[in-house]
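**Student:** Numbering (my numbering), first residue to last: 1 to 64. Glycine included, every Cβ here is placed at the ideal spot set by N, Cα and C.
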């Protein structure tokens, strides 16, 4: 599992971390007392970016 992360392209790793950050920000807005209209957009955008990067990293066929 860690071998796939070590072989990932820098853009995929950046998208993976950026998507997780946006998702965390959206979840933080969800659980705060101050509700923002961008909360749902941030959660969906984070899920899409993070999910795309995880798919690209983990769907790559491993060569032995």
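#1: Just to confirm, are residue 49 and residue 19 a CB contact at a threshold of 8 Å?
#2: Identify, in the order they occur along the chain, each residue of the same chain with its Cβ nearer than 8 Å to the Cβ of residue 52, setting aside the five sequence neighbours on each side.
#3: Taking residue 22 as the reference, give the member of 32, 39 and 57 with the closest Cα.
#4: Out of 5, 45 and 4, which one is the CA nearest neighbour of residue 24?
#5: For residue 35, which of helix, strand or coil comes out of DSSP?
**Tutor:** According to the structure data:
#1: Your numbering for residue 49 matches position 49 in the chain shown. Your numbering for residue 19 matches position 19 in the chain shown. Result yes, Cβ atoms of residue 49 and residue 19 sit closer than 8 Å.
#2: Counting from one through the chain shown, the residue named residue 52 turns up at place 52. Within the same chain, residue 52 has close Cβ partners 15 and 19.
#3: The residue given as residue 22 occupies position 22 in the chain shown. The residue with the shortest Cα to Cα distance from residue 22 is 39.
#4: Position 24 of the chain shown, counted from the start, is the residue given in the question as residue 24. Nearest Cα to residue 24 within the set 5, 45 and 4: 45.
#5: Looking up residue 35 in the chain shown gives position 35. Annotated three-state conformation of residue 35 is coil, per DSSP.
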